[in-house]
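Peer 1: To start, I am sharing the structure in question, which I have written as structure tokens.
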Amino acid sequence: MANTNPLREDQTLCARGDHTHAHGAIVQPIYQSATFRFESTDQVEEFNQGNSPRYMYTRYGNPTLASAEATIAALEHGDRAFLFASGLAATAAFCHATLRSGDRIVAASRLYGGTPFFLNECLKPLGVEIEYADFTDLDHLATILPGARACWFETPTNPTLGIVDGAKVATLCRNNHVISAVDNTFATPINQKPLSWGTDWVMHSATKYLNGHSDIIGGVLVAGNGVDCTGVEKVRKGTGGIMDPHAAFLLSRGMKTLALRVERHNANALALAAHLNAHPKVTRVHYPGLPSHPAHEVASRQMRGFGGMLAFDVKGEYATAKRFVDGLKLIANAASLGGVESLISLPILTSHVHASPEELLDADVTDATVRLSVGIEAIDDLRDDVDSALAGA
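Residue 394, in my numbering, is where the sequence shown stops; the numbers in between run on with no holes.
The structure is reproduced here in structure tokens:
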């Protein structure tokens, strides 16, 4: 019988992973070794010529990382994945591999706060021009892409869940010979696959949903079909930003339940977003799964699920939002996201702490905006916690 479930492949892939391990091991071992032995100098020569499957030094590559990379590449339908020590290290590697002094990168005005910080403070001083744009305004984007070397965007956006039409942006980039990269952290490869739009690269903060247990820091870049990976490979090797083998082991273990976890994240977030949308102490809810979301139609077309992230504005000012967050008992006040436990934060204190008033306005973030990473707890417990804290705010 034909497979009619589009998630079936991902469900099995997550559970099995890259299961061709040495000695028939069901779980990929941790190769916690800095270096690897060669049996002869001929083998070293073969390795240096690129004609050997062996490993030399973990800064160049490691079997534990290779296993996790193979799983992620398969999930994203990409050619190859590269693991890094953090999501920002992955972002930096893409930029350093792609851009030179005098080049221009067009970046979305709505991004995770650490990304524009890197672009402005680390990349711009090297002579790279940074141009920010609203990626939902495709007409304007079409006028500024010509002549750019690369573009960077995310969808859904952090923290207020804006939606970019990824296929249309990818087409604009291809038509203008611009290298495109998408931060897919919020959606995960279970909910959307940007390489299918024609995007060149996908990035994840592997700290988040891919691992799912809030116990590692990591990032990954996935190359689309036929994309030249040479530059990223050289940058990772040359700068040393590769992930540690033990973190890669934990990442592989976390990904075994990725499809199951995302299904629960999706369901809980949709239920909580609908509940908050009707709450008298909430003025706005940002969640693409709600029909009231301005880009609900686009999200429905390019996503298989709407994700576990939502944002909302508490009725009142900053002090009210603070009282609400401080009044939560179950949901933890923490800056990360994508774990099995629900976490909440005020973007003006965390992801967008360095943003100017103009940048906050562009990001649709106010003093009363809260970002909620909805976990896999019982939905009734989450509703009760939120209602109790709102009542006391």
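Backbone N, C-alpha and C define an ideal beta-carbon position, used for all residues, glycine too.
Can you name, in chain order, every residue of its own chain whose Cβ lies under 6 Å from the Cβ of S87, other than the five neighbours on each side?
Peer 2: Excluding sequence neighbours, S87 sits near I218 and G220.
Peer 1: Residues bridged to S181 by DSSP?
Peer 2: Beta-bridge pairing links S181 to C152.
Peer 1: Considering only their Cβ atoms, is the gap separating G225 from V263 smaller than 9 Å?
Peer 2: For V263 and G225, no; Cβs fall outside 9 Å.
Peer 1: Taking I131 as the reference, give the member of I106, H141, Y113 and P147 with the closest Cα.
Peer 2: Checking every option, the nearest Cα to that of I131 belongs to I106.
Peer 1: What's the C-alpha gap between L344 and A379?
Peer 2: The straight-line gap from Cα to Cα measures roughly 14 Å.
Peer 1: How far does the beta strand (DSSP E) with S346 in it extend, from its first residue to its last?
Peer 2: Looking at the DSSP string, the run of the beta strand (DSSP E) that includes S346 is L344 to S346.
Peer 1: Rounded to whole angstroms, what is the Cα-Cα separation between L120 and Y210?
Peer 2: Taking the straight line joining both Cα atoms gives about 24 Å.
Peer 1: In this structure, does DSSP put E378 in helix, strand or coil?
Peer 2: DSSP places E378 in coil when its eight states are reduced to three.
Peer 1: Any chance the region 142-162 sits against the region 374-392, with 3 or more Cβ pairs inside 8 Å?
Peer 2: Counting Cβ pairs under 8 Å, fewer than three are found: no touch.
Peer 1: Could you tell me which residues DSSP pairs with V286 in its beta bridges?
Peer 2: Note: V286 sits in a beta bridge opposite F313.
Peer 1: Could you pull the start and end residues of the alpha helix (DSSP H) that L1 belongs to?
Peer 2: Since the first and last residues shown for the chain are 2 and 394, residue 1 lies out of range.
Peer 1: Quick check on the burial criterion: 16 or more other C-beta atoms within 10 angstroms. Buried or exposed for A279?
Peer 2: Label assigned to A279: exposed.
Peer 1: Under the rule that 16 or more other beta-carbon atoms within 10 Å means buried, what is G79, buried or exposed?
Peer 2: With 16 or more other Cβ atoms within 10 Å, it is buried.
Peer 1: So if DSSP puts F85 in a beta bridge, which residue, or which two residues, is it bridged to?
Peer 2: The partner list for F85 (beta bridge, DSSP) reads G220.
Peer 1: Counting Cβ pairs closer than 8 Å, one from the region 280-289 and one from the region 297-313, do we hit at least three?
Peer 2: These segments touch.
Peer 1: Report all residues from its chain with a CB closer than 7 Å to the CB of A274; omit the five preceding and five following residues, and keep chain order.
Peer 2: Only V286, Y288, G290, L291 and L311 meet the Cβ criterion.
Peer 1: Checking the sheet assignment: what are the DSSP bridge partners for S206?
Peer 2: BP columns for S206 point to G220.
Peer 1: Helix, strand or coil: which one does DSSP assign to L76?
Peer 2: Looking at L76 - three-state DSSP - the assignment turns out to be helix.
Peer 1: Quick check on the DSSP output: the beta strand (DSSP E) that includes I106 runs from which residue to which?
Peer 2: Note, I106: beta strand (DSSP E), R105 to A109.
Peer 1: Distance, Cα to Cα, G376 vs L347?
Peer 2: Looking at the two C-alpha atoms, the distance is approximately 17 Å.
Peer 1: Hey, how far is the Cα of S357 from the Cα of Q29?
Peer 2: C-alpha separation (whole angstroms): 45 Å.
Peer 1: Whole angstroms are fine: how far does the CA of L124 sit from the CA of I164?
Peer 2: Taking the straight line joining both Cα atoms gives about 26 Å.
Peer 1: When you compare only the Cα positions, how much space is there between R55 and H22?
Peer 2: The straight-line gap from Cα to Cα measures roughly 15 Å.
Peer 1: Please state the DSSP three-state secondary structure of L362.
Peer 2: Residue state, collapsed to three classes: helix.
Peer 1: Along the chain, which unbroken stretches of the beta strand (DSSP E) at least 3 residues long are found entirely within the region 319-355?
Peer 2: Fully enclosed beta strand (DSSP E) runs of 3 or longer: 344-346.
Peer 1: Where do the N-terminal and C-terminal ends of the beta strand (DSSP E) with A134 fall, by residue?
Peer 2: Where A134 is concerned, the enclosing beta strand (DSSP E) stretches over E130 to A134.
Peer 1: When we look at the beta-carbon of Y32 and count the other beta-carbons within 10 Å, is it buried (16 or more) or exposed?
Peer 2: Classification of Y32: buried, given that the 10 Å Cβ count is 16 or more.
Peer 1: Put A394 into one of helix, strand or coil per three-state DSSP.
Peer 2: Three-state DSSP puts A394 in coil, outside helix and strand.
Peer 1: For T36, name the three-state secondary structure that DSSP assigns.
Peer 2: Looking at T36 - three-state DSSP - the assignment turns out to be strand.
Peer 1: Helix or strand or just coil, what does DSSP make of R60?
Peer 2: R60 falls in the coil class under three-state DSSP.
Peer 1: What did DSSP end up calling T158 once you bin it into helix, strand or coil?
Peer 2: Coil.
Peer 1: Can you tell me whether DSSP reads R237 as helix, strand or coil?
Peer 2: Three-state result, R237: helix.
Peer 1: What does DSSP give as the partner residues of V228 in its beta bridges?
Peer 2: None, per the DSSP bridge assignment.
Peer 1: Along the chain, where does the alpha helix (DSSP H) that runs through Q303 open and close?
Peer 2: Where Q303 is concerned, the enclosing alpha helix (DSSP H) stretches over H297 to Q303.
Peer 1: Take the Cβ of N4 as the centre, count every other Cβ of all protein chains shown within 10 Å, and call the residue buried at 16 or more, exposed below.
Peer 2: Since pLDDT at N4 reaches only 48, below the 50 mark, its modelled position is unreliable, and the value read off the structure follows with that caveat. Exposed, because fewer than 16 other Cβ atoms sit within 10 Å of the Cβ of N4.
Peer 1: Just to confirm the assignment, what range does the alpha helix (DSSP H) spanning G167 have?
Peer 2: Unbroken alpha helix (DSSP H) run through G167: G167 to N176.
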